[in-house]
Amino acid sequence: MAQGVPTEEHAPDPTPHGLVRALLRGGEPFDTRVARLPALQVPAGAWPKRPFRARWTAQLNLDIRTRLTFSASGRGTVKVTIKDKVVLEGEALDLSTLESKAHRIRKGANAVIIEYEPPPTGDATFRLYWQGRDFVREPIPPKVWTRAGATPPPVERGRAVFASRRCIQCHAPADPLPPGSMPELDERGPSLEKIRGRRSLAWVAEWIVNPRLMRPDASMPALFGHESAQAAMAAGDTTPFDIVAYLFTLGGEPPRDVPPSDNGGKIFAQLGCIGCHTRPERPADPTGDRVPLNRVGTKFVNAGALRDFLRDPRAHYPWTRMPDFKLTATEASQLAGWLYRAASPPPSPIVHSGDAARGKELVIKLGCTSCHDGLVGDKRPYPSLEHLATADWTRNCLTDKRVKGVPHFSLSGEERAALTALRTRGLGALMRDTAAAYTLRQIDALRCTSCHAFDEAPDRWTHLITETHDLDPPRAPTEGEEKISQVRPTLTWMGEKLHSDWTARFIGGELPTTRPWLQARMPAFPNRAKRLARGFAQMHGFAPTTAPNPSPTAELVAPGELLLNKDGFGCTACHGIKDTPPYATFEFAAPKFDHVFGRIRKEYYTRWMWNPTRVEHRYRMPIYATPEERITLQDEILDGDADVQFEAMWHYLQSIAR
Numbered sequence: 000m001a002q003g004v005p006t007e008e009h010a011p012d013p014t015p016h017g018l019v020r021a022l023l024r025g026g027e028p029f030d031t032r033v034a035r036l037p038a039l040q041v042p043a044g045a046w047p048k049r050p051f052r053a054r055w056t057a058q059l060n061l062d063i064r065t066r067l068t069f070s071a072s073g074r075g076t077v078k079v080t081i082k083d084k085v086v087l088e089g090e091a092l093d094l095s096t097l098e099s100k101a102h103r104i105r106k107g108a109n110a111v112i113i114e115y116e117p118p119p120t121g122d123a124t125f126r127l128y129w130q131g132r133d134f135v136r137e138p139i140p141p142k143v144w145t146r147a148g149a150t151p152p153p154v155e156r157g158r159a160v161f162a163s164r165r166c167i168q169c170h171a172p173a174d175p176l177p178p179g180s181m182p183e184l185d186e187r188g189p190s191l192e193k194i195r196g197r198r199s200l201a202w203v204a205e206w207i208v209n210p211r212l213m214r215p216d217a218s219m220p221a222l223f224g225h226e227s228a229q230a231a232m233a234a235g236d237t238t239p240f241d242i243v244a245y246l247f248t249l250g251g252e253p254p255r256d257v258p259p260s261d262n263g264g265k266i267f268a269q270l271g272c273i274g275c276h277t278r279p280e281r282p283a284d285p286t287g288d289r290v291p292l293n294r295v296g297t298k299f300v301n302a303g304a305l306r307d308f309l310r311d312p313r314a315h316y317p318w319t320r321m322p323d324f325k326l327t328a329t330e331a332s333q334l335a336g337w338l339y340r341a342a343s344p345p346p347s348p349i350v351h352s353g354d355a356a357r358g359k360e361l362v363i364k365l366g367c368t369s370c371h372d373g374l375v376g377d378k379r380p381y382p383s384l385e386h387l388a389t390a391d392w393t394r395n396c397l398t399d400k401r402v403k404g405v406p407h408f409s410l411s412g413e414e415r416a417a418l419t420a421l422r423t424r425g426l427g428a429l430m431r432d433t434a435a436a437y438t439l440r441q442i443d444a445l446r447c448t449s450c451h452a453f454d455e456a457p458d459r460w461t462h463l464i465t466e467t468h469d470l471d472p473p474r475a476p477t478e479g480e481e482k483i484s485q486v487r488p489t490l491t492w493m494g495e496k497l498h499s500d501w502t503a504r505f506i507g508g509e510l511p512t513t514r515p516w517l518q519a520r521m522p523a524f525p526n527r528a529k530r531l532a533r534g535f536a537q538m539h540g541f542a543p544t545t546a547p548n549p550s551p552t553a554e555l556v557a558p559g560e561l562l563l564n565k566d567g568f569g570c571t572a573c574h575g576i577k578d579t580p581p582y583a584t585f586e587f588a589a590p591k592f593d594h595v596f597g598r599i600r601k602e603y604y605t606r607w608m609w610n611p612t613r614v615e616h617r618y619r620m621p622i623y624a625t626p627e628e629r630i631t632l633q634d635e636i637l638d639g640d641a642d643v644q645f646e647a648m649w650h651y652l653q654s655i656a657r
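Residue numbers for the sequence shown follow numbering that gives the first Met the number 0, beginning at 0 and rising by one.
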């Protein structure tokens with residue numbers, strides 16, 4: 000083991016959900032990580048190179064003893080073993096042609112091993128399904144899987160820490176990063192050009208001395224060995240103030256200010272800001288789980304600068320995690336006016352005139368130009384990425400001590416263990432990424448679960464909504480008005496449900512909402528949208544897809560329309576069609592039918608139609624037929640055959656697709 004690398008110690012995982020997925024070559028694992036689902040999608044030519052074999056190990060947890068049939072989709076060879084009994088095995092260029100007989104699976108935890116080997120060429124694609132007497136073929140849901148055996152070393156977490164701290168901006172590799180590397184490795188910090196027109200001098204001084212004093216999850220390191228700017232002043236250290244003096248020579252004039260606004264608090268509540276932030280008039284969350292806003296009045300030079308940031312968060316920082324809510328000028332002004340005045344009063348300003356000429360030298364000496372654009376001067380040379388492979392990882396940036404001039408990242412014990420796991424695996428792991436792994440990291444980094452439930456984890460906003468009731472009090476519906484549920488879509492089945500092309504355009508902010516009744520607003524992440532969409536699909540074993548051109552069968556369109564309307568299943572009570580609104584919305588609204596075909600994969604549509612609440616229990620769409628009988632109550636249309644009726648409805652949806 001290389002010098003300075005401590006022995007790995009991993010605490011037991013309190014929530015061992017998922018499966019352990021190992022990739023093997025020659026019988027030896029070369030990549031092991033936790034997976035949500037037994038699914039895989041590797042484009043031809045992408046990492047991992049052939050030949051390889053994938054193996055998932057887990058416990059399949061059942062509430063009752065039941066008979067289950069297993070099947071797969073994809074291409075290659077599959078073998079599924081439950082409690083030492085092979086329940087599915089075979090090889091095919093179309094794995095959907097394989098199906099097991101019904102097997103009785105016992106209540107409780109059942110040890111499962113799933114093995115898959117792709118063909119030598121083409122995409123490697125695999126998805127595992129089950130079917131019971133009371134439900135149709137479906138992907139085995141994440142909630143029934145728990146990990147068996149030892150938890151893999153946290154290499155994936157180590158990759159995320161390495162990337163989020165932007166280590167590679169200083170420690171660049173000798174050669175350009177190859178295709179398939181972690182996308183985050185290309186991300187840089189915010190531009191410091193014209194910072195004088197955006198940030199206050201006092202805040203910048205405090206930030207560069209100790210970023211985590213201002214924001215507990217800050218990724219920027221401390222550089223001066225002091226706890227605060229006041230401590231630097233007391234020690235007679237002018238270095239931070241010299242840098243601030245230089246930064247404020249880079250131009251920028253404060254924008255026109257905006258007045259206070261009480262309506263800004265209502266906007267704060269309705270956008271769900273409380274899911275990611277604490278209120279501006281309250282102290283920081285001691286757990287560090289939410290970004291504090293109590294210093295926002297100190298951070299921005301005035302409320303006008305905050306307004307400009309809210310309208311275009313990426314203007315000076317393309318890779319910011321702050322979402323773009325597409326605020327109107329009025330909304331941004333009102334929200335900024337409220338936040339700026341509601342925040343804690345700013346502390347006494349730090350009065351210290353620094354030496355700008357010395358500060359200009361320091362930003363190069365301290366490596367600021369490695370991460371930030373807008374500075375004058377070349378990058379300081381640092382040891383290469385290759386050098387880190389044999390360097391002492393207990394010194395310099397990774398030391399626990401604050402040393403002036405050495406970046407101090409305030410790493411937790413868990414983060415150090417993760418970096419150790421990465422170092423042990425080898426830094427080449429940074430160059431072997433997948434779209435699915437990227438999306439999982441971004442769900443965490445972008446705090447997507449603040450608004451969306453994911454697997455068995457509820458969203459945070461719902462739990463915290465009472466904190467903003469005084470800003471936007473719940474209103475009882477007036478006579479004749481229906482109170483429509485504000486439940487937001489879950490992320491659990493997003494990769495199976497939605498075509499990747501549509502998902503990318505939606506996340507990128509290019510499409511209007513399909514749920515206009517929600518007060519919540521889906522923000523845009525344009526820089527990340529395409530990769531996120533590919534990753535959601537890949538998590539479920541799907542290649543990126545675009546909705547096919549509509550090709551409805553004429554003889555199915557008319558009965559499909561009849562089934563969807565008031566004289567059929569009454570679907571138009573909740574679903575509108577183009578300019579025709581739903582006729583009897585009660586508690587739950589639903590997207591318009593003309594938006595379905597371009598968004599949703601047919602496989603998902605079909606299993607949704609058989610049992611909507613099995614897919615998403617929070618909605619109230621009825622069940623029209625059981626898998627045992629397969630006959631609906633509309634027996635005068637297409638003989639009541641549920642399979643044919645659902646197909647006819649799909650053809651009608653094609654005929655009206657936008």
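By construction, the Cβ of each residue, glycine as well, lies at the ideal position given by its N, Cα and C atoms. Owing to the predicted nature of the structure, the values given are computational and were not obtained by experimental measurement.
Same chain, Cβ closer than 8 angstroms to residue i, five either side skipped, listed in chain order
i	result
residue 344	296
residue 575	581, 591, 592
residue 303	253, 254, 255, 256, 257, 335
DSSP state of residue i mapped onto helix, strand, coil
i	result
residue 4	Residue placement at residue 4 cannot be trusted, given a pLDDT of 30 that sits under 50; the coordinates are not used to answer.
residue 497	strand
residue 376	coil
residue 534	helix
residue 130	strand
residue 109	strand
residue 198	strand
residue 274	helix
residue 93	coil
residue 539	coil
residue 189	coil
residue 640	strand
residue 297	helix
Selection from the options that minimises the alpha carbon distance to residue i
i	options	result
residue 224	209, 216, 649	209
residue 410	423, 393, 403	393
residue 163	187, 174, 148, 481	187
residue 501	532, 526, 515	532
residue 661	84, 89, 38, 516	Outside the shown range of the chain, which is 0 to 657, sits residue 661, and nothing can be said about it.
residue 357	417, 607, 469, 248	248
residue 70	53, 189, 95, 62	95
residue 26	412, 53, 15	53
residue 578	657, 552, 546	657
residue 287	216, 243, 614	216
Residues near residue i by beta carbon distance below 7 angstroms, same chain, minus five either side
i	result
residue 617	486
residue 49	117, 119
residue 645	605, 608
residue 639	630, 631, 633
residue 610	134, 622
Sequence-distant residues of its chain with Cβ nearer than 6 angstroms to residue i (five each side left out)
i	result
residue 331	306, 309, 310
residue 144	17, 18, 57
residue 467	268, 273
residue 584	481, 573
residue 547	none
residue 316	189
residue 589	573, 574
Integer Cβ distance of residue i from residue j, believed to fall under 8 angstroms
i	j	result
residue 333	residue 395	At roughly 47 angstroms, the Cβ-Cβ gap does not stay under 8 angstroms, so residue 333 and residue 395 are not in contact.
residue 444	residue 320	6 angstroms
residue 355	residue 152	The Cβ separation is near 47 angstroms, so there is no contact.
residue 157	residue 196	No, residue 157 and residue 196 are not in contact; Cβ-Cβ is about 38 angstroms, not under 8 angstroms.
residue 563	residue 570	5 angstroms
8 angstroms Cβ cutoff met for residue i and residue j
i	j	result
residue 522	residue 299	no
residue 595	residue 510	no
residue 484	residue 556	no
residue 542	residue 133	no
residue 22	residue 15	no
residue 40	residue 124	yes
residue 526	residue 318	yes
residue 539	residue 495	yes
residue 437	residue 313	no
Closer than 8 angstroms to chain B by CB, residue i
i	result
residue 545	As a matter of chain content, chain B is missing from the structure shown, which is built from one protein chain.
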